[in-house]
Amino acid sequence: MSSIRALLLATALLSLAACARPTYEKAAGLGINPLEQHPLRTIDSPEAILLSQREGGLSANQTDALRGVYAGWRERGHGRILIEAPSGAGPAAAATAYGARDALEYLGAPQGAIELVGYRVDGSPNAAPVRVSFLTEVADVAQCGRSWTDMTKTASNQPTPNFGCSVNANLAAMIDNPADINRPRGIDPVDAGRRQEVIDRYRQGQATSSEKDDQANGTVSRAVN
34 MSSIRALLLA TALLSLAACA RPTYEKAAGL GINPLEQHPL RTIDSPEAIL LSQREGGLSA
94 NQTDALRGVY AGWRERGHGR ILIEAPSGAG PAAAATAYGA RDALEYLGAP QGAIELVGYR
154 VDGSPNAAPV RVSFLTEVAD VAQCGRSWTD MTKTASNQPT PNFGCSVNAN LAAMIDNPAD
214 INRPRGIDPV DAGRRQEVID RYRQGQATSS EKDDQANGTV SRAVN
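Heads up: the sequence shown at position 110 corresponds to 143 in this note's numbering, and the numbers run straight through without jumps.
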C-alpha cells in the first residue's frame, strides 16, 4: 500500500511540475517578441502634382510646384521622377511634359532620374493633366486592438497579440524619415580640426568640453516683457 501511495504522490508532483513549466514555443502566426509581432516597416507611397496643359510653356506657378517636387524627391524620394502625359493629346501636353523635364533638369535632377511615359484616359486627352510624381517611403505598422486574448491565462507563456503594438505604432508616427527604418543614414565627415584640439587639450590636462554660457546654467529663463 505504501508503494502505491508513493507512486500516486510522485505522479501528482510530476503533473504539477508539468503545469508550472513554461513553454517557449511561438503561437501560430505570432512572433516571440513585439518587434516580430508588429514590425516597423515602410510602404511606397506616391507624391504627385498635376499640371494643366500649356502649349506656350510652363507658368510661374507650375515652375514653383516643380521646384517643390524636386526638393521632396531629394529629401525623401527614391526611384525615378515620373512624368506622365495623356496619350493621344495634342502638342500642349507634349510641351508641358518636356517643359517639366527641362525644369527638373535645370533644378539639378539627373537625366537618368526622369522618365517620360504616356497614360490612357477616359474622355478627351486634351483636357487631362500632366502628372509628375515620385515614390516615397512612409512608415506603416499593424493596426492595434483588433483581437484580444485572456491575459490571465499565462501558463503557456505565449505572447499576447497586442503587446507592444501601440509602442511601435507611436514610433512609426514619430520617426522623422521613415527610410531610417530600413537603413541607417550616412555619417557626416569628421571635423579633424576639432578632434585634434580636443586631443591636445586632453594631453595637457585641460578641460575638453565647451565653455558654459548663461543660457546653459540650468536656471529657469525669465519671461520677455
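Cβ atoms here follow ideal geometry from the backbone N, Cα and C, with glycine treated the same way.
Small disclaimer: the values here were computed from a predicted structure and weren't measured.
Of all C-beta pairs linking the segment 92-108 to the segment 140-147, three or more are shorter than 8 angstroms, placing the two stretches in contact.
Rounded to the nearest whole angstrom, the C-alpha separation of T187 and I208 is 34 angstroms. Between the C-alpha atoms of L68 and D97 there is a straight-line separation of about 42 angstroms. The Cβ neighbour count for A81, taken over all protein chains shown within 10 Å, is under 16; the residue is labelled exposed.
In the three-state reduction of the DSSP assignment, G112 falls in the strand class. Counting other Cβ atoms within 10 Å of its Cβ, I232 stays below 16 and is therefore classed as exposed. A straight-line Cα-Cα distance of about 13 angstroms links I214 and H71.
Residues of the same chain with their beta carbon placed closer than 6 angstroms to that of R236 are lacking, with the five preceding and five following residues left out of the count. V174 is the residue among A126, E117, V174 whose C-alpha sits nearest the C-alpha of L73. The beta carbon of N201 lies closer than 6 angstroms to those of H71, L73, V174 in the same chain, with the five residues before and after it left out. Partner residues in the beta bridge of Y152, as assigned by DSSP, are P119. Judged by DSSP in its simplified three-state form, T96 adopts helix. In the three-state reduction of the DSSP assignment, T193 falls in the coil class, being assigned neither a helical nor a strand state. Going by C-alpha positions, T75 is about 15 angstroms away from G112.
Secondary structure note for D173: its beta strand (DSSP E) is the uninterrupted segment 163-173. Linking S189 to D183 through their CA atoms gives a straight-line distance of about 12 angstroms.
In this structure, P79 is the residue among R234, P79, S242, R87 with its C-alpha nearest to the C-alpha of G110.
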